[in-house]
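Reading through the structure tokens given below for one structure.
In the numbering used here, the protein residues as written are 8 to 203.
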């Protein structure tokens, strides 16, 4: 029997609800389009890569550096984190089948808040988070670093990610990928690959 691949899972919008599209704009009384127009052009990416601390990101969240209640904002973000429907039971099944799983996530230090609230580490290892690695998907170095941390070549891994761009980047780096849309769509693909 062929060795099972090491599974790398994106976190936001794959395992965990991302508050960016709904809760964050609502906190500021804006639509997502309005938020996109007034946010700082680079601070989020810098925060995700670990180039700036949380305090600087919060100060520079908006291009005009307008004041807001940062503590209430952080509480709203934390309150929005929850499992994507069906994903906790799916990763529990994979774990129970002995499938090795890791994160491969573009996210800032707020991943610690997710871990504190949802305890993803019951199922998988926080192996790759962009704020610690200093590089983001879809750069080839992200996939190479993740595979290297799991001590497997990229071809012996499998990425599950809601971003088509990240899936394409993985495949270009030699790592097979599944484009995630829902737990219900993912399950038959995992069965087809012999993981469930």
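Note that the Cβ used here is the ideal one computed from N, Cα and C, for glycine as well.
Bear in mind the structure is a predicted one, so any value in this text is a computation, not a measurement.
For residue 176, is the classification buried or exposed, using 16 other Cβ atoms within 10 angstroms of its Cβ as the cut-off for buried? Your numbering for residue 176 matches position 169 in the chain shown. Residue 176 should be labelled buried.
Just mark residue 158 as buried or exposed, buried being the case when its beta carbon has 16 or more other beta carbons within 10 Å. The residue labelled residue 158 in the question sits at position 151 within the chain shown. Its Cβ having fewer than 16 others within 10 Å, residue 158 is exposed.
Endpoints, beta strand (DSSP E) assigned at residue 167: Here residue 167 refers to the residue found at position 160 when the chain shown is read from its first residue. 164-168 is the extent of the beta strand (DSSP E) around residue 167.
Going by DSSP, which residues form a beta bridge with residue 185? Indexing the chain shown from 1 puts residue 185 at position 178. Residue 185 is bridged to 167.
So which of 71, 118 and 113 has the shortest CA-CA distance to residue 89? On the chain shown, position 82 is the one that residue 89 refers to. Measuring from the Cα of residue 89, the nearest candidate turns out to be 118.
CB-CB under 8 Å to residue 104, same chain, minus the five flanking residues each way: which ones, in chain order? Looking up residue 104 in the chain shown gives position 97. Excluding sequence neighbours, residue 104 sits near 202 and 203.
Fully enclosed by the region 123-165, which beta strand (DSSP E) runs are 3 residues long or longer? 132-136
Residue 153 and residue 109 closer than 9 Å at C-beta: Residue mapping note: residue 153 aligns to position 146 of the chain shown, counting from 1. Residue mapping note: residue 109 aligns to position 102 of the chain shown, counting from 1. Against a cut-off of 9 Å, the Cβ pair of residue 109 and residue 153 comes out as a contact.
Can you name the residues that DSSP bridges to residue 111? By 1-based counting over the chain shown, the position of residue 111 is 104. Residue 111 pairs with 135.
I need the DSSP call for residue 18, collapsed to helix, strand or coil. The sequence position of residue 18 within the chain shown is 11, counting from 1. Of the three classes helix, strand and coil, the one that applies to residue 18 here is coil, per DSSP.
Under three-state DSSP, which class holds residue 226? Here the chain covers residues 8 to 203 and nothing more, so residue 226 does not appear.
Which two residues bound the contiguous alpha helix (DSSP H) that contains residue 96? What you label residue 96 is simply residue 89 of the chain shown in a count that begins at 1. Here the alpha helix (DSSP H) through residue 96 covers 94-103.
Go through its chain and collect everything with a Cβ distance to residue 142's Cβ below 8 Å, but skip five positions before and after it. Taking the first residue of the chain shown as position 1, residue 142 is located at position 135. 56, 148, 149 and 152, listed in sequence order.
State the Cα-Cα distance for the pair residue 44 and residue 65, rounded to the nearest angstrom. On the chain shown, position 37 is the one that residue 44 refers to. On the chain shown, position 58 is the one that residue 65 refers to. About 17 Å.
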